[in-house]
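Novice: Got a structure here, written out as structure tokens. Questions coming.
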Amino acid sequence: MPTASRMYTVVLDWLEERLRSGEISVGDKLPGERQLAEEFGISRASVREAIRILDAMGLVRSSTGSGPAAGAVVISEPSAALG
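Using full-length UniProt numbering, the letters of the sequence shown map in sequence onto residues 1 to 83.
Listed below in structure tokens is the structure:
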């Protein structure tokens, strides 16, 4: 298990695994941060950090707010984003 300061890696690893297996595809919306935090037993801050990193890597596009347009959407495969 990662250290407390690196708990966001749980979400990074989860998303990479789901993308590679085809369970999540480009264009799919990620589960909400509350749901991910509960599923992995980590803080919402750790989930937000993971999404911020994925956004910076070009894997997801994140938008704030509420409603159907809010959240993170997968925009690239890991291999495409990492070169």
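Don't be surprised by glycine CBs; every beta carbon is placed ideally from N, CA and C.
(1) Would you list the residues sitting across from residue 25 in a DSSP beta bridge?
(2) Let me know if residue 113 comes out buried or exposed under the rule of 16 or more other beta-carbons within 10 Å of its beta-carbon.
(3) Per DSSP, residue 61 is paired with what?
(4) Thinking C-alpha only, which one of 47, 77, 57 is nearest residue 71?
(5) Would the beta-carbon of residue 36 fall within 9 Å of that of residue 11?
(6) Could you check the C-alpha separation between residue 44 and residue 53 for me, to the nearest Å?
Specialist: This is what the structure gives:
(1) Here residue 25 refers to the residue found at position 25 of the sequence shown. Residue 25 is not bridged to any residue.
(2) Residue 113 is absent from the structure shown; the chain starts at 1 and stops at 83.
(3) Here residue 61 corresponds to residue number 61 of the sequence shown, with the count starting at 1. Answer by DSSP bridge pairing, in chain order: 73.
(4) Taking the first residue of the sequence shown as 1, we reach residue 71 at position 71. Ranking the options by Cα distance to residue 71, first place goes to 47.
(5) The count along the sequence shown starts at 1 and reaches residue 36 at position 36. The count along the sequence shown starts at 1 and reaches residue 11 at position 11. Against a cut-off of 9 Å, the Cβ pair of residue 11 and residue 36 comes out as a contact.
(6) Position 44 of the sequence shown, counted from the first residue, corresponds to residue 44. Position 53 of the sequence shown, counted from the first residue, corresponds to residue 53. Their backbone Cα atoms lie some 14 Å apart in a straight line.
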